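2 protein chains.
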Amino acid sequence: MSAQSADPRTRQLHLNLFVYPGGHHEAAWRHSVSPDPDRLLDIRFYQDLARAAELAAFDGVFFADGPALADNVRYASRFRLEPFTWLSAVAAATERIGLIATASTTYTEPYNLARLFASLDHLSGGRAGWNIVTTGAPQAARNFGLDAHPVHAERYERARDFLEAVGKLWDSWEDGALVADRRSGLFADTDRIHTVDHEGPLLKVRGPLNIPRSPQGRPVYVQAGSSEDGRAFAARYAEAVFTAHQTLRSGQEFYADIKQRAARLGRDPGKLLVLPGISPFIASTESEARRLHQEFNELTQPEYSLELLHRLLGVRLTQGELDGPVPRELIETGGERGNGSRFQLVLDIVEREQPTVRELLHRLAGARGHRVIAGTPEQVAGQLQQWYEQGAADGFNVMPPWLPGGFDVFAAQVVPILRERGLFRSEYEGGTLREHYGLARPLSRYEAARSAAAPVA
Amino acid sequence: MSAQSADPRTRQLHLNLFVYPGGHHEAAWRHSVSPDPDRLLDIRFYQDLARAAELAAFDGVFFADGPALADNVRYASRFRLEPFTWLSAVAAATERIGLIATASTTYTEPYNLARLFASLDHLSGGRAGWNIVTTGAPQAARNFGLDAHPVHAERYERARDFLEAVGKLWDSWEDGALVADRRSGLFADTDRIHTVDHEGPLLKVRGPLNIPRSPQGRPVYVQAGSSEDGRAFAARYAEAVFTAHQTLRSGQEFYADIKQRAARLGRDPGKLLVLPGISPFIASTESEARRLHQEFNELTQPEYSLELLHRLLGVRLTQGELDGPVPRELIETGGERGNGSRFQLVLDIVEREQPTVRELLHRLAGARGHRVIAGTPEQVAGQLQQWYEQGAADGFNVMPPWLPGGFDVFAAQVVPILRERGLFRSEYEGGTLREHYGLARPLSRYEAARSAAAPVA
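Going down the list, the sequences are from chains A and B.
Under the UniProt record's numbering, think of the first position of the first sequence as 1, with each following residue one higher.
Under the UniProt record's numbering, think of the first position of the second sequence as 1, with each following residue one higher.
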């Protein structure tokens, strides 16, 4: 790994639990291994999951989000748990595990989002992470009074502007500006609280924020775009990248590319963690794991899956065509869709494996394009180790096909193998998500500027 | 009370604990009865407070909010705890008490706010309340890219539009639309999930919401405006009104007016609770309570207080003028300020009591214009009983001058007297805020329309 700077003797892999109501396999909620669907709106279900992940010393729990209802909610457990409320209640039930909230730069205001993250970071004692998204679902626009979803490039322009604005807000209180000196009556030293006066191409924000600087300074920046715009954005801002790859080679290419981009911008590539998604079916034999996977696939709804395929590739097919080949010539490669990394990933599967429509649908049912593997605990651990040691991953976003059981079996049977091989911690060394990820706490830019300007004594 | 519909034999008063970092008296954080100021950013401090209020069977805890930093943070504990994150973590530490979050219709988007409240209501098992504000602080505008804060009438126009939009979103999933039938594979019955297609004068929202209907249907609507626009809004939408009055007579006038307005709109006035704010200094003798209040007042900062007076009345004074009369002729009665209910309240004090500037500043230091009383537990209970029985209150927003002690003494010494007199519950009868307040759970408007349209068998 030319771009890998961490000492290989102390390097450890990182694991997040990606929580999704009902589990990541779209039909998981129908299978008898899943709990009663009533539990999917019970906060205790998620608190228990996070406690289990904390017991396994996972780096973080990760919540997806999007400000619109998914069309496929008719057949899949695809409502949304608003991440700030949900993760704040999870924070109250845990002590060490990181809390990564997905939030959109397209459909929120910088001042409001900066407050939500600063508060989550305060109340969790420094465990907040932000999965920065620009929102892919075009139907979101009409929930916000817009006639059309802004195009990809426009969304990324706003995202960059947004990051600059919220970065300044999170820095606006220097550390120690909250003086609370009872004798003098000075509560906050307003000389160390700064208006930010951000004026970007799209956003104007005056500041300062209305809450003191949080334990981590700001949330850890996580990002998931793999398009050209997404990679450029990640190389500049992200501290962890969540990414989808079907093959080791694709993972390696992405890993090398993103690390090199960061290095070219003068960043330490070791401070940009690459975390592919992995959705494991685990059983005591490989054939049993495959059988379980097959059982899940057989519970999927072709009507739902064909709709998903249409959204991904622009191809409208009927149930009569399920056992034929995927019609390569009907795939729409142009426009917004063709720019997306998920589109490319699915196109690669089609070209590499030439699956039937049904086979392709089953591939996508697992984790929406993320890698699904079925095997014994040793096989799963071996796959993770291979990606980790062969330059495709610094760790993984674990996406259990069903919850909580799909996580429990991973924690009980795969994690101990990773530990035996010296790849994963047995207990936490730090208390913040930044510490779990091996990232330094940033200094406020205003404090840094003041220090730089101060005369040397 | 002609407009009082509740049966006087079963009528009970309602009590919220209004939580404010550092307590409601602006100098409380400096007094030795207050805990170390470090605790003001510790979630456990607020969880403990809410647990204490729950032990006392209070209806709810109430969090103020505003999307800007208060100028007076230099001298007063006036940073903001973002209410949704903070209350979600409080929800996780409690079981029955209501959770009332202040949120602005001017500086949020209906879709985002609807999600936050639906999620808080889900994760708390139906305990969410919304203190609806339009945001009074003009400096907020520049945190959201606006050059000027929208004027009062414009803010209320958006507030009405906003309430219509979020009301439709909260109704968009009918009860029972989450079917989760494992056998058929139907997860959500999309025939019972509705796009709302709201097109108001200012806001367009398509919907549906991306989460099922919450335990209370929607949060309890709380509102605090007492201006003409505010009263009209409260009469139409509010289920509880938080209001500031210095005298019984002013409280009675407001109470009668708001109940009559509700009745004229065809509402049951008993379903609109009037809850004045009350900030009590309590000690075993009246003189001791007054001495404590005086100690707090002597810790205030004239520089801060004069600034507050300037914001409230438009009068700029110096410390040399503290012991002279308030210059009535310099008070600016025109414009935005003159429309505000808080302005009128302070003007009334000036005209009724003719205080010195210092005396007026001390009056305002207690709870920003809310009523401050100092006395024995019997005296405080007697005051509450008088307002409650003489048509000025259905209950109170209790604003302890300092926290947690100022609440603890109220719970330990005033609440038992209210119980002995049959005025306040000893334990909860219900589990939701709606049940504590005696309010019915609304049916989704879409479900209601469907039922109305269904043929009679």
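Positions of the beta carbon are idealized from the N, C-alpha and C atoms, including for glycine.
Note that this is a predicted model, so its numbers are computed, not measured.
A:I282 is bridged by DSSP to A:G375. In this structure, the CA atom of A:A283 is about 25 Å from the CA atom of A:G251. Contact fails between the segment 315-333 of chain A and the segment 412-425 of chain A, because fewer than three Cβ pairs, one in each stretch, are under 8 Å apart. Closest in C-alpha terms to A:A374, from the list A:W402, A:A289 and A:T106, comes A:A289. Taking every protein chain shown into account, the CB of A:G324 has fewer than 16 other CB atoms within 10 angstroms, so this residue is exposed.
DSSP places A:L313 in the uninterrupted alpha helix (DSSP H) bounded by P302 to L313. For B:P212, the nearest beta carbon of chain A is closer than 8 Å to its own beta carbon. In chain order, A180 make up the part of chain A whose C-beta sits under 7 Å from the C-beta of B:P37. In this structure, DSSP gives B:Y75 a state outside helix and strand, which the three-state scheme calls coil. If you check the CB distance, B:Y20 and B:L273 do not come in under 8 Å. Annotated as proximal: B:K168 and B:V196, with beta-carbon spacing under 8 Å. Judged by DSSP in its simplified three-state form, B:Q216 adopts coil rather than helix or strand. Ranked by how close their Cα comes to the Cα of B:V409, the residues B:L306, B:Q47 and B:P377 have B:P377 in first place.
Boundaries cannot be given for A:D189, as no beta strand (DSSP E) includes it and DSSP labels it neither H nor E. B:Y46 has its alpha-carbon roughly 10 Å from the corresponding atom of A:L123. Taking a Cβ-Cβ cut-off of 7 Å, B:P138 has no neighbours in chain A, whose nearest Cβ is about 12 Å from it. One thing to note: A:G98 has its Cβ no nearer than 8 Å to the Cβ of A:W402.
In the structure shown, B:D229 falls within a helical segment according to DSSP collapsed to helix, strand and coil.
With a cut-off of 8 Å on Cβ pairs, the segment 81-94 of chain A is in contact with the segment 73-90 of chain B, counting three or more such pairs.
Taken in chain order, the complete alpha helix (DSSP H) segments of 4 residues or longer contained in the segment 345-416 of chain B are 357-367, 377-389 and 405-409.
Taking 8 Å as the threshold, the shortest C-beta distance from B:S77 to chain A falls below it.
Interface annotation for the segment 344-374 of chain A against chain B: empty, criterion Cβ-Cβ distance under 8 Å.
For A:L116, the enclosing alpha helix (DSSP H) stretches over residues P110 to L123. Runs of the alpha helix (DSSP H) lying entirely within the segment 30-107 of chain A, each at least 4 residues long, are 43-55 and 83-91 in chain order. Residues of chain A with a Cβ closer than 9 Å to the Cβ of B:V205 are, in chain order, R142, N143, F144 and G145.
By the neighbour-count definition (other C-beta atoms within 10 Å, threshold 16), A:V151 is an exposed residue.
Residue environment: B:D191 is assigned as exposed (fewer than 16 neighbouring CB atoms within 10 Å of its CB, all protein chains considered). For A:T108 against B:N112, the beta-carbon gap comes to about 7 Å, under 8 Å, which counts as contact.
Ranked by Cα distance from A:G176, the first of A:R142, A:S214, A:V205 and A:G185 is A:S214. Rounded to the nearest angstrom, the gap between the Cα atoms of A:A393 and A:F58 is 16 Å.
Proximity of B:W402 to chain A, defined by a Cβ-Cβ separation below 8 Å, is not satisfied. Each residue's CA atom was taken as its position, placing A:Q344 and A:L433 some 32 Å apart. For B:G431, there is no enclosing alpha helix (DSSP H), as DSSP marks it with neither H nor E.
Within chain B, the residues whose beta carbon sits less than 8 Å from that of A:Q301 are G185, listed in sequence order. Apart from the 5 residues on each side of it in sequence, A:L248 sits with its Cβ closer than 8 Å to the Cβ of Q386, W387, Q390 and A392 in its chain, given in chain order.
With contacts defined by Cβ atoms closer than 8 Å, B:R206 and A:R142 form a contacting pair.
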